[in-house]
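For the sequence shown, my numbering gives the first residue as 112, with consecutive numbering after it. Note that CB positions come from ideal geometry on N, CA and C, so glycine has one too. All figures in this text were calculated on a predicted structure; none of them were measured in a lab. Shown next, in structure tokens, is the structure this report addresses.
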Amino acid sequence: MKISSAISSAFSATRRVSNLRIARSSLIKSAHLLERIGLAAVGASGGLYVGATLLRQKAGLFESGWIVLMTMLYGALGYYLGIDLSGNVARRSTSNNAEEWNGSEPVEIMSAAGTFGAAIAATLSVSILVLDQNLPNGLIGFVAGCWVIGSSLQVAAGTIARNYEAPVSEQ
Numbered sequence: 112m113k114i115s116s117a118i119s120s121a122f123s124a125t126r127r128v129s130n131l132r133i134a135r136s137s138l139i140k141s142a143h144l145l146e147r148i149g150l151a152a153v154g155a156s157g158g159l160y161v162g163a164t165l166l167r168q169k170a171g172l173f174e175s176g177w178i179v180l181m182t183m184l185y186g187a188l189g190y191y192l193g194i195d196l197s198g199n200v201a202r203r204s205t206s207n208n209a210e211e212w213n214g215s216e217p218v219e220i221m222s223a224a225g226t227f228g229a230a231i232a233a234t235l236s237v238s239i240l241v242l243d244q245n246l247p248n249g250l251i252g253f254v255a256g257c258w259v260i261g262s263s264l265q266v267a268a269g270t271i272a273r274n275y276e277a278p279v280s281e282q
């Protein structure tokens with residue numbers, strides 16, 4: 112049996128559970144929702160590390176435990192909205208002409224830059240916590256800035272992508 116036929120038969124078996132047919136669109140929507148919740152959990156865990164790093168510094172604004180909750184919520188929102196852009200953006204970004212500018216590129220660039228900034232902040236935070244380093248406030252400010260700017264770019268990209276109506280192309 113070929114691998115492709117085994118995979119397709121496995122997928123058809125999951126859709127047909129004891130003669131109960133599940134609409135494919137609802138199955139895909141449910142899988143997409145689970146994926147986005149998982150992305151939000153990743154963003155929240157990154158926010159936990161950034162917040163714990165800021166809380167550890169005990170410098171003025173960051174002395175409260177609320178900073179951890181705020182970074183977690185903002186990270187979850189950023190990853191939920193910004194990483195997995197809707198299908199309309201992906202459809203608009205494919206073009207036959209490489210020189211054609213269709214307006215979706217800035218949103219994709221914002222999402223990518225935001226994901227990169229937030230990931231760098233989370234990685235630096237984890238390394239600071241694991242290695243138990245005491246760093247100058249400038250570097251901690253850099254980590255916090257990467258997190259805020261990265262998450263903000265993700266939120267902005269996701270909001271723009273979901274509010275932008277894709278023009279219907281006639282061919």
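Rounded to the nearest angstrom, what separates residue i and residue j at their Cα positions?
| i | j | result |
| --- | --- | --- |
| Ala223 | Leu188 | 15 Å |
| Gly136 | His143 | It is worth fixing the name first, because residue 136 is Ser in this sequence and not Gly. Approximately 10 Å between the Cα atoms of the pair. |
| Ile220 | Leu246 | 31 Å |
| Trp258 | Ser141 | 29 Å |
Please work out which residues of its chain come closer than 7 Å, Cβ to Cβ, to residue i, disregarding the five sequence neighbours upstream and downstream, and give them in chain order.
| i | result |
| --- | --- |
| Leu150 | Tyr190, Tyr191, Ile194 and Asp195 |
| Thr270 | Leu192 |
| Met254 | A small correction: the amino acid at residue 254 is Val; Met does not occupy that position in the sequence shown. Answer for Val254: Val161, Thr164, Ala232, Leu235 and Ser236, listed in chain order. |
Under three-state DSSP, which class holds residue i?
| i | result |
| --- | --- |
| Ile251 | helix |
| Lys140 | helix |
| Ser175 | coil |
| Asn274 | helix |
| Ile148 | helix |
Apart from the five residues just before and just after residue i, which ones in its own chain have a Cβ nearer than 8 Å to its Cβ?
| i | result |
| --- | --- |
| Ala230 | Gly157 and Gly261 |
Taking 7 Å as the cut-off, is the CB of residue i close to at least one heavy atom of the ligand PLP?
| i | result |
| --- | --- |
| Glu146 | Questions concerning the ligand PLP fall outside what the structure shown contains, since it holds no ligand whatsoever. |
Checklist entry - For the 8 Å Cβ check, are there 3 or more pairs between the region 146-162 and the region 175-185? => result yes
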